[in-house]
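Participant:
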Amino acid sequence: KQEVTQIPAALSVPEGENLVLNCSFTDSAIYNLQWFRQDPGKGLTSLLLIQSSQREQTSGRLNASLDKSSGRSTLYIAASQPGDSATYLCAVKGNTGKLIFGQGTTLQVKP
Amino acid sequence: NAGVTQTPKFQVLKTGQSMTLQCAQDMNHNSMYWYRQDPGMGLRLIYYSASEGTTDKGEVPNGYNVSRLNKREFSLRLESAAPSQTSVYFCASSEAQGLGYTFGSGTRLTVV
Numbered sequence: 023k024q025e026v027t028q029i030p031a032a033l034s035v036p037e038g039e040n041l042v043l044n045c046s047f048t049d050s051a052i053y054n055l056q057w058f059r060q061d062p063g064k065g066l067t068s069l070l071l072i073q074s075s076q077r078e079q080t081s082g083r084l085n086a087s088l089d090k091s092s093g094r095s096t097l098y099i100a101a102s103q104p105g106d107s108a109t110y111l112c113a114v115k116g117n118t119g120k121l122i123f124g125q126g127t128t129l130q131v132k133p
Numbered sequence: 613n614a615g616v617t618q619t620p621k622f623q624v625l626k627t628g629q630s631m632t633l634q635c636a637q638d639m640n641h642n643s644m645y646w647y648r649q650d651p652g653m654g655l656r657l658i659y660y661s662a663s664e665g666t667t668d669k670g671e672v673p674n675g676y677n678v679s680r681l682n683k684r685e686f687s688l689r690l691e692s693a694a695p696s697q698t699s700v701y702f703c704a705s706s707e708a709q710g711l712g713y714t715f716g717s718g719t720r721l722t723v724v
């Protein structure tokens with residue numbers, strides 16, 4: 023059974039810092055891995071999608087990496103801003119077609 | 613705007629009442645999903661529909677039924693609501709196996 027873990031559960035950093043969010047999964051047989059952002063009381067916004075054959079994806083200040091063999095992904099946020107404060111969710115899609123989520127990392131960026 | 617639309621956004625039910633949560637997508641996606649999100653539990657899959665005409669149970673299907681009405685619409689029904697079903701419900705869709713998911717904005721349901 024696929025299990026997805028995100029560490030840390032919460033993170034507080036001063037504005038301007040570069041930071042890394044971690045995601046690990048137990049079954050390396052995945053189709054893709056997706057990072058989402060969720061603001062309080064809102065839905066999920068897709069940030070980056072990495073296919074199983076890819077090593078990383080970049081969008082603006084965000085960079086996500088994937089190491090299937092070790093069952094790990096990282097989301098790197100450069101030059102963090104208060105507007106980046108949200109919960110970040112990692113999810114993997116396996117051969118069942120189902121998306122399995124981690125419990126998220128809640129990020130607070132202080133001005 | 614293209615995307616996934618859920619109705620209603622908020623709902624309060626009494627124990628034992630029934631209701632249907634509606635979801636529609638206009639991206640011509642084949643697959644649709646219902647998740648619930650609870651504090652400390654993360655997002656858990658209730659039911660999914662890999663394609664029009666098919667539905668399958670997810671991780672937490674008890675107390676729910678679904679209908680894939682057509683390619684666009686996938687509804688979730690609570691036949692006899694229980695306080696344990698108080699949650700935020702999200703609908704999502706996906707085009708194909710290797711592609712990402714798009715989520716709706718959620719339905720916040722309270723059962724008293």
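One line per chain: the protein sequences are D and Y, in this order.
The opening position of the first sequence corresponds to residue 23 in the working numbering, with each subsequent residue numbered one higher.
The opening position of the second sequence corresponds to residue 613 in the working numbering, with each subsequent residue numbered one higher.
Even for Gly, the Cβ is constructed at its ideal location relative to N, Cα and C.
Note that the structure is a prediction, hence the values are computed from the model and not measured.
Cβ closer than 7 Å: which chain D residues qualify as neighbours of Y:Leu657?
Facilitator: Lys120
Participant: In chain order, what residues of the same chain lie with their CB nearer than 8 Å to the CB of D:Leu41, ignoring the 5 residues before and after it?
Facilitator: Leu33, Val35, Tyr98, Ile99, Ser102, Leu129
Participant: Within 7 Å of any Cβ in chain Y, is that where the Cβ of D:Gln125 sits?
Facilitator: For D:Gln125, the answer is yes, since a Cβ of chain Y falls inside 7 Å of its Cβ.
Participant: As an exercise, report each continuous beta strand (DSSP E) stretch of at least 3 residues that is fully enclosed by the segment 34-68 of chain D, in chain order.
Facilitator: 41-47, 52-60
Participant: Relative to the C-alpha of Y:Pro641, which candidate in Y:Val700, Y:Glu685, Y:Tyr676, Y:Arg648 has its C-alpha closest?
Facilitator: Just to set this straight, residue 641 of chain Y is His in the shown sequence, not Pro. That would be Y:Glu685, whose Cα lies nearest to the Cα of Y:His641.
Participant: Express the C-alpha separation of D:Ala86 and Y:Leu690 in angstroms, rounding to a whole number.
Facilitator: Distance between the alpha carbons of Y:Leu690 and D:Ala86: 38 Å.
Participant: Spatial neighbours of D:Gly38 within its chain, please: CB distance less than 7 Å, with the 5 preceding and 5 following residues excluded, ordered by chain position.
Facilitator: Ala101, Ser102
Participant: If you measure from the beta carbon of Y:Tyr713 to each beta carbon in chain D, is any gap under 7 Å?
Facilitator: yes
Participant: Output, in sequence order along the chain, the residues in the segment 41-62 of chain D whose CB is closer than 7 Å to any CB in chain Y.
Facilitator: Of all residues in the segment 41-62 of chain D, the ones placed with a Cβ closer than 7 Å to any Cβ belonging to chain Y are Tyr53, Asn54, Gln56, in chain order.
Participant: Which residues of chain D have a Cβ atom closer than 9 Å to the Cβ of Y:Ala662, listed in chain order?
Facilitator: Here the neighbours are Gly119.
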